[in-house]
Structure formats: structure tokens, C-alpha cells
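Asker: This is the structure I have questions about; it appears just below.
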């Protein structure tokens, strides 16, 4: 007869280390939700920029404000990470890079590429 | 949900993803090559047939992709039935509302 053992519980976040593929995956979800939330703001900017010259100037002034630069860097990270990790998932779907070693390497690649693209965007904005 | 539904959703998510990625790369490359457009150039570009028609397709793909994605995330993390229903409803309202808004902008700009 087996006795019920309680599962070990580690709630210390510094002692839990996620495999790199899990980081790529959860970041895909987080970035997706962030993109969804930024959708109304982006449509608003599109609308404003196309109304007339005044609206266009207002929109470009908004783009150059400090809070927008910071906020849009987060959206840029979301966009690039979601794009890169999405391409990785599509490749895995068709059987490319399924092996553990390859999958770990490409997970590192997309995580770094997403962050790097966001930094490049920030540098280009400043 | 039947298995056929799940497969159809899985496929829709991937087909829309490919379309979104292609259009997005096109837009990013365009801005890379033509940075900081003035008002006239921006308007003419958006109103061009390729951008406005492919852009409307982008909005449609975005609604499908966003709905499937947000639905998956909601079903995974929100277990309270009432709250889940509320979040899904708000998601649908926001997606459809912004979708119509975006398509309206494309139509008004290109006419």
C-alpha cells in the first residue's frame, strides 16, 4: 500500500529555475496579451495621424514624448518576441528543431533576439 | 468543444500567424527604407491599394489570431466561470470594436 506523500512546494521564486523553452513560451503569452492591450492605442494613433495635418502633427508629437518612448519599447519587445518565438513555434510544428538541444538553442536565440530588437528600437527612438 | 473544432482553431491560429508575420515584415521594411514620412507621403502610402486592402486582411487576421490566443490564455488561467465569461466578452468587444474602427480608417483614407 502506498502512502500519500505531499508534493514538495517551492514558492521561493529565486529557487525555481524555468527551462529556457518555458521562458520563451510564457513570454510568448505575456507579449501576446500586451499586444492585445495596446491594440486600441495603436488604432487611435493611426486614426489621429490620418485625420489631417494637425492630427498628424499631434500623433508625431505623441510618438516623441518620453512616456510613449518607454511604453512603446515594451510594445516593441512584445511585437518582436511574439514574432520571433511565433516563427520558432511554426518551425517546430513542421518538425524543424524539435530535438531537445536544438529546441533549447533556438529558445535562447528568440529570447535574446527579442530583447536585442527592443534595445535597438529604444536606441533608434532616443 | 469537438476535436474538429480544436483542429480548425489550431489551423486558423497558424494561417493567421503567417499572414500577420508577412504583412508585419513588409511594413517594418517599408519604414526602415522610408523613415519619418511627412503627412502627404504617409496618407498616400496608407491609401495605396496594396496597403489598404492587405491592411484590411491584416485586421481580419488580427481579430482571428487575437481571439484564439486570448481565449486560450483566459481558459488556462481564469477558472471562475462568471469572471471567465466577463473577460471573454470584454475581449470580443475590444477586438471587434477596434477591428471595425481600423477598417473604417482604411476606407475613409482611401476614398
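Residue numbers (the numbering used here), protein chains in the order written: chain A, 1 to 126; chain B, 1001 to 1111. Virtual Cβ for every residue (Gly too), placed ideally from N, Cα, C.
I believe residue 1012 of chain B touches residue 1073 of chain B by the beta-carbon criterion, under 8 Å. Please report the beta-carbon distance rounded to the nearest angstrom.
Answerer: Actually they do not touch by this definition, with Cβ atoms about 16 Å apart.
Asker: Could you tell me if residue 32 of chain A is buried or exposed, where buried requires 16 or more neighbouring beta carbons within 10 angstroms of its beta carbon?
Answerer: buried
Asker: Any beta carbon from chain A within less than 7 Å of residue 1045 of chain B's own beta carbon?
Answerer: No Cβ of chain A is located within less than 7 Å of the beta carbon of residue 1045 of chain B.
Asker: Verify whether the separation of the beta carbon atoms of residue 68 of chain A and residue 114 of chain A is less than 7 Å.
Answerer: no
Asker: For residue 31 of chain A, name the three-state secondary structure that DSSP assigns.
Answerer: Here residue 31 of chain A sits in helix by DSSP.
Asker: Could you name the residues of the stretch 1026-1053 of chain B whose beta carbon sits closer than 7 Å to any beta carbon of chain A, in the order they occur along the chain?
Answerer: Sequence-ordered contacts of the stretch 1026-1053 of chain B with chain A read 1039, 1042, 1043 and 1046 [C-beta pairs closer than 7 Å].
Asker: Nearest chain B C-beta to residue 40 of chain A closer than 7 Å, yes or no?
Answerer: It does; some Cβ of chain B falls within 7 Å.
Asker: Against chain A, which members of the stretch 1005-1024 of chain B pass a CB distance test of less than 8 Å?
Answerer: Cβ contacts with chain A come from 1014, 1017, 1018, 1021 and 1024.
Asker: For residue 1027 of chain B and residue 58 of chain A, I'd like the C-alpha separation in whole angstroms.
Answerer: 22 Å
Asker: Among B:1092, B:1024, B:1099 and B:1042, which has the Cα closest to the Cα of residue 1060 of chain B?
Answerer: B:1099
Asker: Indicate whether at least one CB of chain A lies closer than 7 Å to the CB of residue 1102 of chain B.
Answerer: Yes, contact with chain A.
Asker: Which residues of chain B have a Cβ atom closer than 8 Å to the Cβ of residue 97 of chain A, listed in chain order?
Answerer: Residues of chain B passing the Cβ test: none, with the nearest at roughly 16 Å.
Asker: Kindly give me the distance between the Cβ atoms of residue 1065 of chain B and residue 1017 of chain B, rounded to whole angstroms, as I take these residues to be in contact under 8 Å.
Answerer: 6 Å
Asker: Contact between the stretch 24-44 of chain A and the stretch 76-91 of chain A is defined here as three or more beta-carbon pairs at a separation below 8 Å; is this criterion met?
Answerer: yes
Asker: Please identify, using Cβ separations under 7 Å, the residues of the stretch 17-30 of chain A that lie next to chain B, in order along the chain.
Answerer: 29
Asker: Between which residues of its own chain and residue 1070 of chain B is the CB-CB distance below 6 Å, once the five residues before and five after are set aside?
Answerer: 1091
Asker: Counting contacts by CB-CB distance shorter than 7 Å, is residue 71 of chain A in contact with chain B?
Answerer: Cβ-Cβ to chain B under 7 Å: no for residue 71 of chain A.
Asker: Can you tell me whether residue 1109 of chain B is helix, strand or coil according to DSSP?
Answerer: helix
Asker: Among A:22, A:71 and A:19, which residue has its Cα nearest to the Cα of residue 41 of chain A?
Answerer: Of the listed residues, the one whose Cα sits closest to residue 41 of chain A is A:71.
Asker: Quick check on the DSSP output: the alpha helix (DSSP H) that includes residue 1051 of chain B runs from which residue to which?
Answerer: 1049-1077
Asker: Assign residue 1107 of chain B to one of two classes, buried (16 or more other C-beta atoms within 10 Å of its C-beta) or exposed (fewer than that).
Answerer: exposed
Asker: Using only CA atoms, which one of A:38, A:23, A:56 and A:36 lies nearest to residue 1038 of chain B?
Answerer: A:56
Asker: Would a check of beta-carbon distances place residue 86 of chain A closer than 7 Å to chain B?
Answerer: yes
Asker: Check whether the Cβ atoms of residue 1095 of chain B and residue 1075 of chain B lie closer than 7 Å to each other.
Answerer: no
Asker: Quick one: residues in its chain with C-beta nearer than 8 Å to the C-beta of residue 53 of chain A, no 5 flanking neighbours on either side, listed in chain order?
Answerer: none
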